[in-house]
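S.K.: This structure is in structure tokens; I'll ask about it shortly.
6 protein chains.
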Amino acid sequence: MNKLSGLERAEVLTQALPYIQHYYGKVIVVKYGGNAMQSDELRQQVMEDIVLLRLIGVKVVLVHGGGPEISDIMSRLGKKPEFVDGLRVTDKETATIVQMVLAGKVNKELVSLIEKKGGTAIGISGIDGRLIEARMKDERLGFVGDVTSVNIKPINDLIEKGYIPVICTVGTDAEGNVYNINGDTAAAYIAGALNSESMILMTDVKGVMRDMKDPSSLIPELTVKEAESLKEEGVIAGGMIPKVACCVKALEKGVKNVVIMDGTVPHSILTELLTNDGAGTLIRR
Amino acid sequence: MNKLSGLERAEVLTQALPYIQHYYGKVIVVKYGGNAMQSDELRQQVMEDIVLLRLIGVKVVLVHGGGPEISDIMSRLGKKPEFVDGLRVTDKETATIVQMVLAGKVNKELVSLIEKKGGTAIGISGIDGRLIEARMKDERLGFVGDVTSVNIKPINDLIEKGYIPVICTVGTDAEGNVYNINGDTAAAYIAGALNSESMILMTDVKGVMRDMKDPSSLIPELTVKEAESLKEEGVIAGGMIPKVACCVKALEKGVKNVVIMDGTVPHSILTELLTNDGAGTLIRR
Amino acid sequence: MNKLSGLERAEVLTQALPYIQHYYGKVIVVKYGGNAMQSDELRQQVMEDIVLLRLIGVKVVLVHGGGPEISDIMSRLGKKPEFVDGLRVTDKETATIVQMVLAGKVNKELVSLIEKKGGTAIGISGIDGRLIEARMKDERLGFVGDVTSVNIKPINDLIEKGYIPVICTVGTDAEGNVYNINGDTAAAYIAGALNSESMILMTDVKGVMRDMKDPSSLIPELTVKEAESLKEEGVIAGGMIPKVACCVKALEKGVKNVVIMDGTVPHSILTELLTNDGAGTLIRR
Amino acid sequence: MNKLSGLERAEVLTQALPYIQHYYGKVIVVKYGGNAMQSDELRQQVMEDIVLLRLIGVKVVLVHGGGPEISDIMSRLGKKPEFVDGLRVTDKETATIVQMVLAGKVNKELVSLIEKKGGTAIGISGIDGRLIEARMKDERLGFVGDVTSVNIKPINDLIEKGYIPVICTVGTDAEGNVYNINGDTAAAYIAGALNSESMILMTDVKGVMRDMKDPSSLIPELTVKEAESLKEEGVIAGGMIPKVACCVKALEKGVKNVVIMDGTVPHSILTELLTNDGAGTLIRR
Amino acid sequence: MNKLSGLERAEVLTQALPYIQHYYGKVIVVKYGGNAMQSDELRQQVMEDIVLLRLIGVKVVLVHGGGPEISDIMSRLGKKPEFVDGLRVTDKETATIVQMVLAGKVNKELVSLIEKKGGTAIGISGIDGRLIEARMKDERLGFVGDVTSVNIKPINDLIEKGYIPVICTVGTDAEGNVYNINGDTAAAYIAGALNSESMILMTDVKGVMRDMKDPSSLIPELTVKEAESLKEEGVIAGGMIPKVACCVKALEKGVKNVVIMDGTVPHSILTELLTNDGAGTLIRR
Amino acid sequence: MNKLSGLERAEVLTQALPYIQHYYGKVIVVKYGGNAMQSDELRQQVMEDIVLLRLIGVKVVLVHGGGPEISDIMSRLGKKPEFVDGLRVTDKETATIVQMVLAGKVNKELVSLIEKKGGTAIGISGIDGRLIEARMKDERLGFVGDVTSVNIKPINDLIEKGYIPVICTVGTDAEGNVYNINGDTAAAYIAGALNSESMILMTDVKGVMRDMKDPSSLIPELTVKEAESLKEEGVIAGGMIPKVACCVKALEKGVKNVVIMDGTVPHSILTELLTNDGAGTLIRR
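Pasting the structure below:
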């Protein structure tokens, strides 16, 4: 790309104009985390995309999880995973570790990367400003939480003051308990509460594909109805089922459209939002 | 350029990031007019650049003349040009025609093009809000004016309210006389009064060249001192002398840097500001 | 009048107090143009009235046409008028001339007069800030436009920032075409969109008269219903029919009352608004 | 005056235009009281002037005393006046009566008159918001106060919120004592603290006259120097000495000019400010 | 109390925390006057409570009467009370005396006390800013007024600017007549118009008691229904009947709860609002 | 304390009035951490004090460290402490653990406690909004940082939006490195940059004592000069030396006064600020 002339670059910029105009002043929630955050270089590119979006007037909100890092610290702290019906049991200590790793490690690393790229970010958790209120999902699972409400004031305050809000998905309740919340679900609630233009779920697959082994079978756009049919057909299966369910939840809560995309492809966010190539699978009502 | 992939486009965008960050929130005065406004297509590209700059946070102010269109209407209205010492005599009627063509024809066409590209513009003259106050330069020349002061309130009001100000360079005085003002000079005064980061003078040559016939002899950057030497050497000569004088005036009045560039090259503004290629000759203190 | 003592003058001022209180902070649209703009002295008096109104807290919006000046320039440019069913055909070139004369000549002259009287004005056209959106009325007439919408943001922005908005009535569409719009109609749409307290149509007759030759037969006040009866009776006839139709349109769109008055009578606006004499014919719902 | 036509009235209004423009947005302190407040009709006219001034954009502050009413209530309450060196002794009870009459009777009557004329006023004393801080002038006189500081915040707050501040001149100190303050002096301090354009002292004489018995000997304008000479000559004598001293004090504290005028002449304020007749004696630096 | 240690004091403060949080940012109208204002020391304590409430974020509005002081001045001025059906006849002169004593004496004394305690207050009457509009209740009673409307703008303006509004309860009408208004009723209307969280009526009895002679029979809390039963039972009788009626009126107009308490008990307001002891009788819907 | 009557409690509250008035609207930085944060109950009391201060209008900023918790997690993660000249070596991994424990564990626990007490807090680190910029102190120590600048915008933004800022003391540089910063020093820089009224250093000793074993030898107040003499005398020794140095640094940077107090004594902050008992040692210039 570096061989492009200044003129060629200028043309690319002006060709992005209608896309920039479309997203100007709108809220976009980017869910980043887990397997999509594989390398430092990838993270940097994602943060670069986010800084650029903010600069050109998009109100980006970054929501992240951090499963692999949690598991890593837990095993180093000697905590053994325990499961009930295939779901991880989160005792009080585990909840504290989740909070510590997400709010203290992953969150600050993302904030730091954004600032390295010239953006200004403030990283908070669902505990700060009582952002994510939650309750216990199932006593047997311990401190795994269902979102009961999202308080958007802190997010809007940070946006208004010029910061990119970076949010890790632990929740809290009136007693001060800390809950481990599924990142995708939290992002859907937050995007809904903010009436976002778009929610972008970054995963490690290209999107919804007819044949998981064949990238060329990617379905670029889906309605909620079509998604339901595809699930009945068994095309949407396995780990894609909760992803799609989460997208449908976001759409129900008022998000205009949701995109599932591959976070391991460089600059996939800008490609999706600011070019006519698109990336991943866009789901709309 | 249309063969570029989405990813390649995204990369171009992110490579523009440091430039966008540099100009974010700053004022840039673009002087456009005369021979640089040759074709409709070129005008559209310049307006496209301006709309993009505004969208990404640059406070662009467009200052324009319109010599060829004035001459055209004058000849159609049967006015014969008259000269004193090589300067055009501007009687009252001519001053009115200049005002009419600049404020009523060229100004509105530029406003219309900006809006077609998705921007929002308001076109005003030096008369509106007493923006450009002037006095007679030389009685023998009639209503040719020297700028006595620039009132930036109307410009700042329009910027604050979200418009791209488009300004045509006629001036006025307390008695309500209208003066024909040299466009480059007016732009220099306006840019100075606004403490602009940059003033861009769009002409129909590439910039300051050692050999006017050899584009490869373009001098990409000059200090004021160097410009003076070049003038003494005779490198800066002919029509380039007042252009450069005007740039020096702008720098003296507080503009950080000035660029003389070829307005007939597509997207030269974006190339200069948002890529590391540069365009034309940059003059700094 | 100059023989009045200071006390007598002070009394006149205090007698205007209840009228000033009534209009304080309200929007009044003054349509000025055509045959009412006959002499320089008259124009100055009208502008003086407008400056005074603004100063005492009335939000005046000046809308103007300029038929005679358009015809003058057109004939000098060698354009021959062409008519279809008695309506002037406006080809693209004519539309440009209309724009040029209204936005570049008449508009700036009015702005200049306002400023000479100590007011601060910014003159814009229906193109600026996409103020008047229009579409072709009839293909055979060319670029004669019907108003499709009025965007009041630029007007309110200028008022808020302390300027008297001076608007010339050309319209535009998404493709950037320019339309010649009937001035009275445009004023009615603008007054309606602004929820004006009053719209004042300045003509060259005293108002609605029972007998056009007898000024003493002026009807000082009418309801819409009464106007309709008078039209059926033939009392409202000829050029007064579209004037009154335009007033009714303004009332339908939310203007509180409309006054048709003689713009060639000195200070008729102040007489109407700030004394209990009244001037012209007031029409209300 | 009622025989004037609408047009004649309109002309009077437009002739006031330059005066209105001059005073627009400026602060004028009107000191009203004592013998100038003789009749109800006069009071109404003064309040009418003030309401009109406020409406046309002048920030009027009304400062008042009320000597005759204080004496009246005191004698009805059986308090006997006592003097030291010709100055009235103000014991604690007298101070309370002064406060009661000024803040509770005169102040509210003026507020009420302003509102009857369509203005909006809030009446406060020097105690409210610690507006006038004072200290004892001379122990033998009791609670007669010298102004130590003026706190303009309450005045500016009321102006900003749209009220005409009506202020009675009692002062207070940190212990909560109440002081009787000379009204003219208090007005001078207030006008100075507000950087007023003008202070108007309403008395029951025409102004400074060469011969007190000959109204035609009124001196329309004086500098501070000239005033001093006139005092030495004995032209300024008797009760006019403290009046003029007070005006000089106001000028020293930053007021642009001061006018001593006859408050018993109808509409003398408007005559002075908005016509070229003037009224009384204007003193400037 | 002075023997308490710093820690004990700190504990008392933190125990007030939930109460402070509850009232933070809410409006509370305190009606003070008549027999509750018996001693200077008591007044000081009440004002201290009010200053503290304001400082911790409660928007306190102080409404006061001043019966005993009115009677005192009236008798000193030689006015004899006259009664119709047991109600005091208020002729024009009496109305003026009421206004003078309330607005000029009591009001300013309360303002002064608040400022002595470090608060900032502005004292106004129902005349200022047309705060309390009233009409004659009964021709035979003269200028005794019924509240027709409350204009809360002046109160909110003063609160917004940081002052404690101190209001005396005289009313006015369009003609500028002054009316004597029952203080409790005026407070109820004001509290209702402000949607207050609470109205506190300070009297000289403990509250509603089963047996007026037995303080231990105080009823700490009542619903409107219960109050009606108690009235039928004769428990609420005599002077308590209009007090309770006034409370019911306030509740109907939107006040959340009303407390009748003994203003002669030191710090009864703080005891009621910021401790769990409570004071007096709380009435709620 | 619970035996106090409502009246006694009200008296305590009003006795705090002058203290509350003194601190109203001022910034106070509380440094909390290390050995002062020994028990959950103590933490709750400190947070209660902070919530109360904020509620009564003090702009509290909470700065915290968390040494013991860092050591605990480090040892559980198998990291062995290493020392150079008695200072802990902080390799990159250790710096990450410090960041994780402070920003993810301690910070969120304090935020959660504040919210449980009814306050609203947002917890950030020195990385967020580039709050604390730092550089390496000594290569041999690794990522131990010296503060190079404090960016107060994020703190002021959070205060303005109504949050209690809770800040953990890790710093960052342009390359995105994370530095372990001494908490007391960071608090001094932050307090200085904010021009705080007061900085409170909570430790586990009573303050500066003549004899560390005798609490009654506590020195309640010191000037900087006296502190220097005491250091020379050896009275200020051991761990108290850097504490006092840090206080002097804060005073030099503009803090009005600094208090060293025992954070293990309940409600010591309120005792110091809102009662006349005081707590600990106050140092002033």
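Protein chains in written order, with this note's numbering: chain A, 1 to 285; chain B, 286 to 570; chain C, 571 to 855; chain D, 856 to 1140; chain E, 1141 to 1425; chain F, 1426 to 1710.
From the three backbone atoms N, C-alpha and C, an ideal C-beta is built for every residue, glycine too.
Please read all numbers here as calculations on a predicted model, not as lab measurements.
Of all the CB atoms in chain B, is at least one closer than 7 angstroms to the CB of S695 (chain C)?
M.R.: yes
S.K.: With three or more beta-carbon pairs closer than 8 angstroms as the criterion, would you say the segment 452–461 of chain B touches the segment 502–509 of chain B?
M.R.: No: the two stretches stay apart, fewer than three of their Cβ pairs being nearer than 8 angstroms.
S.K.: Quick check: the Cα distance between G351 (chain B) and T560 (chain B), rounded to an integer number of angstroms?
M.R.: Distance between the alpha carbons of G351 (chain B) and T560 (chain B): 29 angstroms.
S.K.: Please state the DSSP three-state secondary structure of H1136 (chain E).
M.R.: It is not possible to answer for residue 1136 (chain E), since the shown part of chain E is limited to 1141 through 1425.
S.K.: What are the partner residues of H837 (chain C), as DSSP defines its beta bridges?
M.R.: For H837 (chain C), which the question treats as bridged, DSSP gives no partner whatsoever.
S.K.: Check each candidate in E:E1233, E:N1322 and E:V1200 and name the one with the smallest Cα separation from G1165 (chain E).
M.R.: E:V1200
S.K.: Let me know the secondary structure DSSP gives M644 (chain C) once reduced to three states.
M.R.: helix
S.K.: Using a Cβ-Cβ distance under 7 angstroms, would R9 (chain A) count as near chain B?
M.R.: yes
S.K.: Report yes if the C-beta distance between G1543 (chain F) and D128 (chain A) is below 7 angstroms; otherwise report no.
M.R.: No, the pair does not count as a contact, with Cβ atoms beyond the cut-off.
S.K.: With a cut-off of 7 angstroms, does the C-beta of I827 (chain D) fall near any C-beta of chain C?
M.R.: Residue 827 (chain D) lies beyond the residue range present for chain D, which begins at 856 and ends at 1140; the question has no answer from this structure.
S.K.: Is the segment 296–303 of chain B close to the segment 231–251 of chain A, with three or more CB pairs under 8 angstroms?
M.R.: no
S.K.: Use the C-beta contact count for I969 (chain D): other C-beta atoms within 10 angstroms, 16 or more gives buried, fewer gives exposed.
M.R.: Flag for I969 (chain D) reads buried.
S.K.: Taking 7 angstroms as the CB-CB limit, is V529 (chain B) close to chain A?
M.R.: no
S.K.: Mark P143 (chain A) as exposed unless 16 or more other C-beta atoms lie within 10 angstroms of its C-beta, in which case mark it buried.
M.R.: For the sequence presented, residue 143 (chain A) should be read as Phe rather than Pro. By the neighbour-count criterion, in which 16 or more other beta carbons inside 10 Å mark a residue as buried, F143 (chain A) falls on the buried side.
S.K.: Could you name the residues of the segment 586–598 of chain C whose beta carbon sits closer than 8 angstroms to any beta carbon of chain D, in the order they occur along the chain?
M.R.: Among the residues of the segment 586–598 of chain C, those with a Cβ less than 8 angstroms away from any Cβ of chain D are A586, L587, P588, I590, Q591 and Y594, in the order of the chain.
S.K.: Under a CB-based cut-off of 7 angstroms, is G34 (chain A) close to chain F?
M.R.: no
S.K.: Using only CA atoms, which one of A:T281, A:E272 and A:L4 lies nearest to L292 (chain B)?
M.R.: For L292 (chain B), the closest C-alpha among the options A:T281, A:E272 and A:L4 is that of A:E272.
S.K.: Taking a contact to mean a Cβ-Cβ separation below 7 angstroms, would you say G674 (chain C) touches H634 (chain C) in this structure?
M.R.: It is not a contact, given that the beta carbons lie outside the stated cut-off.
S.K.: On the criterion of 16 or more Cβ atoms from any shown chain inside 10 Å, does N1320 (chain E) qualify as buried, or is it exposed?
M.R.: buried
S.K.: Would you mind giving the Cβ-Cβ distance between I358 (chain B) and V386 (chain B), rounded to the nearest angstrom? I have them listed as a contact below 8 angstroms.
M.R.: 5 angstroms
S.K.: Applying the 10 Å Cβ sphere with the 16-neighbour rule, what's the burial state of P588 (chain C)?
M.R.: exposed
S.K.: Between the alpha carbons of P923 (chain D) and L932 (chain D), how many angstroms are there, rounded?
M.R.: 14 angstroms
S.K.: Mind checking which residues open and close the alpha helix (DSSP H) that includes E232 (chain A)?
M.R.: Residues V224 to E233.
S.K.: Hey, is T1519 (chain F)'s beta-carbon within less than 7 angstroms of any beta-carbon in chain A?
M.R.: With its beta carbon at least 7 angstroms from every one in chain A, T1519 (chain F) lies outside the interface.
S.K.: Can you list, in chain order, the residues of its chain whose CB lies under 8 angstroms from that of R624 (chain C), leaving out five sequence neighbours each side?
M.R.: V630, G689 and I734
S.K.: Where do the N-terminal and C-terminal ends of the alpha helix (DSSP H) with I440 (chain B) fall, by residue?
M.R.: K438 to E445
S.K.: Could you check whether the Cβ of K678 (chain C) sits closer than 7 angstroms to any Cβ belonging to chain B?
M.R.: yes
S.K.: Compute the beta-carbon to beta-carbon distance between A825 (chain C) and M769 (chain C), rounded to the nearest angstrom, for a pair I have assumed lies under 8 angstroms.
M.R.: Looking at the sequence shown, residue 825 (chain C) is not Ala but Val. Between V825 (chain C) and M769 (chain C), the beta carbon gap of about 5 angstroms places them in contact (Cβ cut-off 8 angstroms).
S.K.: For a contact meaning CB atoms closer than 9 angstroms, what does S5 (chain A) contact in chain B?
M.R.: T556, T560 and D562
S.K.: Check the Cβ of T1058 (chain D) against every Cβ in chain I and list those closer than 8 angstroms, keeping chain order.
M.R.: Of the protein chains in this structure, namely A, B, C, D, E and F, none is chain I.
S.K.: Is S1621 (chain F) buried or exposed, if buried means 16 or more other CB atoms sit within 10 Å of its CB?
M.R.: Around the CB of S1621 (chain F), 16 or more other CB atoms lie within 10 Å, so the residue is classed as buried.
S.K.: Among the residues of its own chain, which have a CB less than 8 angstroms from the CB of V1649 (chain F), if the five just before and after it don't count?
M.R.: V1673, L1676, I1708, R1709 and R1710
S.K.: Can you tell me which of C:S682, C:S695, C:I811 and C:F653 puts its alpha carbon nearest to the alpha carbon of V666 (chain C)?
M.R.: In the sequence on display, residue 666 (chain C) carries Thr and not Val. Among C:S682, C:S695, C:I811 and C:F653, the Cα nearest to that of T666 (chain C) is on C:S695.
S.K.: What three-state label does DSSP hand P242 (chain A) in the structure shown?
M.R.: Correct three-state label for P242 (chain A): helix.
S.K.: In chain order, what residues of the same chain lie with their CB nearer than 7 angstroms to the CB of Y1119 (chain D), ignoring the 5 residues before and after it?
M.R.: The question names Tyr, yet the displayed sequence has Thr at residue 1119 (chain D). Answer for T1119 (chain D): A891, Q893, L897 and D1059, listed in chain order.
S.K.: Using beta carbons (cut-off 7 angstroms, strictly below), is V1398 (chain E) in contact with chain F?
M.R.: no
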